[in-house]
Amino acid sequence: LLNGGKLAGILLESAGTSYLAIGIGVNLAEAPPPSAVEAGAVRPVSLLSETGTAIAPEDFLPHLATAYALRERQFTTYGFDPVRTAWLAQAARLGETITAKTGAQVTTGRFETVDAQGNLVLTTPGGRVAIPAAEVYF
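Be aware that the sequence shown starts at 48, since it is given in our numbering, and climbs by one per residue.
What follows is the structure in structure tokens.
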């Protein structure tokens, strides 16, 4: 998030344990119009519109690749916990009510943590729920 708007997104796709495809999108120059996002979704923003900074994708990619390689090395050397800890230190809306949507399943609750397995953990009126993958709405 940047200035309360969604600057980037990550999409993970897998087939069992054979592979994991990671897609990372960053709105450098433009963002989707508000009419293109679902009701309740975080307002999309671009780096240019929010900061006035113009950066070409080919100039941005080395920075993204370096940051990714750092976390990948941290993960392969020390496991998930240090990555999880660093992520939680920057997590938006931790402790607040959020909604997680997986297909037709919609779960609303207090964002408690990301557990040791990488699940989003929400506390709902029915108890704690661990969600392995979802679209998240604030």
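Yeah, the Cβ is synthetic: ideal placement off N, Cα and C, and Gly gets one too.
Just to confirm my understanding: we take residue i, look at its own chain, exclude 5 residues before and 5 after, and list those with CB closer than 7 angstroms. What are they?
| i | result |
| --- | --- |
| Asp162 | Val168 and Ala177 |
| Thr170 | Gly156, Arg157 and Glu159 |
| Leu67 | Leu59 and Ser61 |
| Pro104 | Leu75 |
Could you check where the alpha helix (DSSP H) with residue i kicks off and where it finishes?
| i | result |
| --- | --- |
| Arg131 | Phe127 to Gln137 |
| Glu97 | Leu94 to Thr98 |
Give me the residue from the options with the minimum Cα distance to residue i.
| i | options | result |
| --- | --- | --- |
| Gly173 | Glu182, Leu108, Arg157 and Asp106 | Arg157 |
| Asp128 | Thr146, Ser61 and Gly165 | Gly165 |
| Gly70 | Ala138, Leu111 and Glu143 | Leu111 |
| Val89 | Thr144, Gly126, Gly51 and Pro104 | Gly51 |
| Thr144 | Glu105, Pro109 and Tyr184 | Tyr184 |
In the DSSP assignment, what residue or residues form a beta bridge with residue i?
| i | result |
| --- | --- |
| Arg175 | Thr170 |
| Ile145 | Gly156 |
| Leu67 | Ser61 |
| Ala55 | Val73 |
| Leu111 | Beta-bridge pairing links Leu111 to no other residue. |
| Glu182 | Lys148 |
Please go through the same chain and pick out, in chain order, the residues whose beta-carbon is closer than 8 angstroms to the beta-carbon of residue i, but skip the five residues on each side of it.
| i | result |
| --- | --- |
| Val130 | Arg118, Gln121 and Phe122 |
| Phe107 | Val73 and Leu75 |
| Leu135 | Leu141, Thr160 and Val161 |
| Gly99 | none |
| Ala139 | Leu48 and Phe185 |
Give every residue of the same chain whose Cβ lies closer than 6 angstroms to the Cβ of residue i, excluding the five residues on either side of it in the sequence, and list them in chain order.
| i | result |
| --- | --- |
| Ser65 | none |
| Ala101 | Leu95 |
For the beta strand (DSSP E) containing residue i, list its first residue and its last residue.
| i | result |
| --- | --- |
| Glu85 | That residue, Glu85, is in no beta strand (DSSP E); it is neither H nor E in DSSP. |
With a cut-off of 8 angstroms, do at least 3 Cβ pairs link the segment 150-157 to the segment 48-59? no
Does the pairing of the segment 74-85 with the segment 115-125 give three or more beta-carbon distances under 8 angstroms? no
Below 8 angstroms, how does it come out for the segment 66-75 and the segment 83-101: are there three or more Cβ pairs, yes or no? yes
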